[in-house]
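J.: Below: one structure in structure tokens.
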């Protein structure tokens, strides 16, 4: 009888409750226990885990590595899926291996390349993957120059942090004044150029932003599973066009994603995003971690989280072809259980205090539920 697998997810996104669900519902019916840590006591991943702890705050990357090694040793972790301080953790892969823990994460070199979008764009352009025109700006004057050049070419400019994730800091630059209909609706991603320039000049601090054209839909998010031999085992595109979502195996999207994953050591799970510039796909972003929407591949008959854990443990699943492509769908929000407030908010114990073990809750209508169109 196969032993249970102990998996740890650290300070991860709320959507990864579905990652955890899929590990438990693996096709081999292997016993899986999940440990989760987070800085937010109300993170749903803490409630969904078998065991959970609040993470100590204010640790440097080096100190966090020591904390992580201790967690792996004390908890008997077989596979660690790091998000927070990923770069520092993967640099110590050998130490985790010595503790009996496999890292489900790329090489240090890959993380270093794609931590910063400007460096990542330069790298992928050098191997022939199309990227949008972009400017790296640090001052108000540099921002104004970049916006003007894009507008002269007929594009609408947008800005985003050179380092960041999840769309945080993304703004579309406009010169149009705010209209009453806009104020009557929900807040949007638009920022007036004069207001942005004024904020930069008043702050007196440099920024590290990318300025680029606003790219058109569809957005195609390609999920890849790659082995340590730099060969892709799984590659499927998820399409997004407004509310409508779907899947694709079109090589326009998959071929450049495969080239990036295999060429830059994006071992294990990665997510590579594209949008349209005119009539051609260009790179939008490279994530060296599992995507929050990875679980949606279950609509194609694929359990990507379990395949990744198998690969990390040395049990190669081989090349995985989806048995079918699921129908178009949309994503809805819904409730998910949390830990009791008194327990979840108790922060006065020493670092490493374990919250009570939480059984996997009954699945109701969790955030991110996918429904067919």
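In my numbering, the protein residues as written are 25 to 397.
Cβ coordinates follow ideal geometry from the N, Cα and C atoms, glycine included.
(1) Going by C-alpha distance, which of 326, 266, 147 is nearest residue 288?
(2) Of the choices 292, 324, 217, 96, whose alpha-carbon is the least far from that of residue 250?
(3) Return helix, strand or coil for residue 194, following the three-state DSSP convention.
(4) Apply the 10 Å Cβ neighbour rule to residue 351 and answer buried if 16 or more other Cβ atoms are within range, or exposed otherwise.
(5) Which residues in the same chain have their Cβ closer than 6 Å to the Cβ of residue 37, if we skip the five residues on either side of it in sequence?
(6) Quick one: is residue 377 buried, meaning 16 or more other Cβ sit within 10 Å of its Cβ, or exposed?
(7) Three-state secondary structure (DSSP) at residue 125?
(8) Quick check: what's the CA-CA separation for residue 347 versus residue 324?
(9) Our contact map puts residue 126 next to residue 102 with C-beta atoms below 8 Å; I'd like the distance itself, whole angstroms only.
(10) Between residue 235 and residue 158, how many whole angstroms is the CB-CB distance? I'm expecting something under 8 Å.
(11) Alpha helix (DSSP H) containing residue 222: first to last residue?
(12) So, with DSSP's three-state summary, where would you put residue 36?
(13) Since residue 394 sits in a beta bridge, which residues does DSSP pair it with?
(14) In or out: residue 79 buried (at least 16 other Cβ within 10 Å) or exposed?
(15) Ignore the nearest five residues each way along the sequence and tell me which others in residue 58's own chain have a CB closer than 6 Å to its CB.
(16) Leaving out five residues before and five after residue 181 in sequence, what residues of the same chain have Cβ atoms less than 6 Å from its Cβ?
(17) Would you list the residues sitting across from residue 31 in a DSSP beta bridge?
(18) In the structure shown, what three-state DSSP assignment does residue 308 receive?
(19) Going by the beta-carbon positions, is the gap between residue 398 and residue 283 smaller than 8 Å?
(20) Beta-carbon within less than 6 Å of residue 310's beta-carbon, same chain only, minus the 5 sequence neighbours each way: which residues are those?
(21) Checking the sheet assignment: what are the DSSP bridge partners for residue 301?
(22) Any chance the segment 83-98 sits against the segment 111-125, with 3 or more Cβ pairs inside 8 Å?
(23) Between 51, 366, 301, 396, which has its C-alpha nearest residue 155's C-alpha?
(24) So for residue 183, helix, strand or coil by DSSP?
(25) Per DSSP, what kind of secondary structure is residue 86 in: helix, strand or coil?
(26) If I measure Cβ to Cβ from residue 335 and keep anything under 8 Å in the same chain, skipping five residues before and after, which residues do I get?
(27) Rounded to the nearest angstrom, what separates residue 319 and residue 49 at their Cα positions?
(28) Which partner residues of residue 270 appear in the DSSP bridge assignment?
(29) How long is the line joining the alpha carbons of residue 66 and residue 77, rounded to whole angstroms?
(30) Give me whichever residues DSSP pairs with residue 145 in a beta bridge.
(31) Compare the C-alpha of residue 237 against each of 167, 115, 131 and name the closest.
(32) Taking 7 Å as the cut-off, is the beta-carbon of residue 222 closer than that to any non-hydrogen atom of the ligand NAP?
(33) Of the choices 29, 96, 191, whose alpha-carbon is the least far from that of residue 61?
(34) State buried or exposed for residue 280, treating a residue as buried only when at least 16 other CB atoms are found within 10 Å of its CB.
(35) Taking just the CA atoms, how far does residue 215 sit from residue 199?
T.: Concretely, from the data shown:
(1) By one-based count along the chain shown, residue 288 stands at place 264. Between residue 288 and the set 326, 266, 147, the nearest pair of CA atoms involves 147.
(2) Numbered from 1 along the chain shown, position 226 holds the residue referred to as residue 250. Ranking the options by Cα distance to residue 250, first place goes to 292.
(3) To locate residue 194, count along the chain shown from 1; it is residue 170. DSSP places residue 194 in coil when its eight states are reduced to three.
(4) By 1-based counting over the chain shown, the position of residue 351 is 327. Around the beta carbon of residue 351, fewer than 16 other beta carbons sit within 10 angstroms, so the residue counts as exposed.
(5) Here residue 37 refers to the residue found at position 13 of the chain shown. Hits under 6 Å: 316.
(6) In the chain shown, the residue the question calls residue 377 occupies position 353. Because residue 377 sits at a pLDDT of 44, beneath the cut-off of 50, its placement in the model cannot be relied upon, and the point is left open.
(7) Residue numbering aside, residue 125 sits at position 101 when the chain shown is read from its first letter. Of the three classes helix, strand and coil, the one that applies to residue 125 here is coil, per DSSP.
(8) The sequence position of residue 347 within the chain shown is 323, counting from 1. The sequence position of residue 324 within the chain shown is 300, counting from 1. Their backbone Cα atoms lie some 7 Å apart in a straight line.
(9) As a working note, residue 126 is residue 102 in the chain shown. As a working note, residue 102 is residue 78 in the chain shown. Contact between residue 126 and residue 102 holds, since their C-beta atoms are separated by about 7 Å, short of 8 Å.
(10) Taking the chain shown and counting its residues from 1, one reaches residue 235 at position 211. Taking the chain shown and counting its residues from 1, one reaches residue 158 at position 134. Between residue 158 and residue 235 the Cβ distance is about 7 Å, and since that is below 8 Å, they are a contact.
(11) One-based indexing of the chain shown puts residue 222 at position 198. Here the alpha helix (DSSP H) through residue 222 covers 217-227.
(12) Here residue 36 is taken as the residue at index 12 of the chain shown, counted from 1. The three-state secondary structure of residue 36, taken from DSSP, is coil.
(13) For this step, residue 394 is matched to residue 370 along the chain shown. According to DSSP, residue 394 bridges with 355.
(14) Locating residue 79 in the chain shown gives position 55, counting from the first residue. Around the Cβ of residue 79, a 10 Å sphere holds 16 or more other Cβ atoms; the residue is buried.
(15) For this step, residue 58 is matched to residue 34 along the chain shown. These residues qualify, in order along the chain: 31, 44, 73, 74.
(16) Indexing the chain shown from 1 puts residue 181 at position 157. Taken in chain order, the residues that qualify are 171, 174, 197, 235.
(17) The sequence position of residue 31 within the chain shown is 7, counting from 1. Paired residues: 58, 103.
(18) Locating residue 308 in the chain shown gives position 284, where the first residue counts as 1. Strand at residue 308.
(19) The first residue shown for the chain is 25 and the last is 397, placing residue 398 beyond what the model contains.
(20) Walking along the chain shown from the start, residue 310 turns up at place 286. Excluding residues within five positions, the ones whose Cβ falls inside 6 Å are 138, 144, 296.
(21) The residue given as residue 301 occupies position 277 in the chain shown. Paired residues: 304.
(22) Per the Cβ contact rule, the segment 83-98 is in contact with the segment 111-125 (3 or more Cβ pairs under 8 Å).
(23) Residue 155 sits at position 131 when you count from the first residue of the chain shown. Among 51, 366, 301, 396, the Cα nearest to that of residue 155 belongs to 301.
(24) As a working mapping, residue 183 is identified with position 159 in the chain shown. In the structure shown, residue 183 sits in a strand (DSSP, three-state: E or B).
(25) Against the chain shown, residue 86 aligns to sequence position 62. In this structure, residue 86 counts as helix in the three-state DSSP scheme.
(26) The count along the chain shown starts at 1 and reaches residue 335 at position 311. Excluding its 5 nearest sequence neighbours in each direction, residue 335 has C-beta neighbours in its own chain below 8 Å: 249, 251, 257, 292, 341, listed in chain order.
(27) Position 295 of the chain shown holds residue 319. Position 25 of the chain shown holds residue 49. If I take the Cα positions, the gap works out to 12 Å.
(28) Residue mapping note: residue 270 aligns to position 246 of the chain shown, counting from 1. Bridge partners of residue 270: 263.
(29) Counting from 1 along the chain shown, the entry for residue 66 is found at position 42. Counting from 1 along the chain shown, the entry for residue 77 is found at position 53. Taking the straight line joining both Cα atoms gives about 12 Å.
(30) The residue you call residue 145 lines up with position 121 of the chain shown. Paired residues: none, contrary to the question.
(31) Position 213 of the chain shown, counting from 1, holds the residue named residue 237. Of 167, 115, 131, the smallest CA-CA separation from residue 237 is found for 167.
(32) As far as ligands go, the structure on display features none, and thus does not contain the ligand NAP.
(33) Taking the first residue of the chain shown as position 1, residue 61 is located at position 37. Each of 29, 96, 191 was checked against the Cα of residue 61, and the nearest Cα belongs to 96.
(34) Position 256 of the chain shown holds residue 280. Burial call: buried.
(35) On the chain shown, residue 199 is found 175 positions in, with the first residue counted as 1. On the chain shown, residue 215 is found 191 positions in, with the first residue counted as 1. Taking the straight line from one Cα to the other gives about 8 Å.
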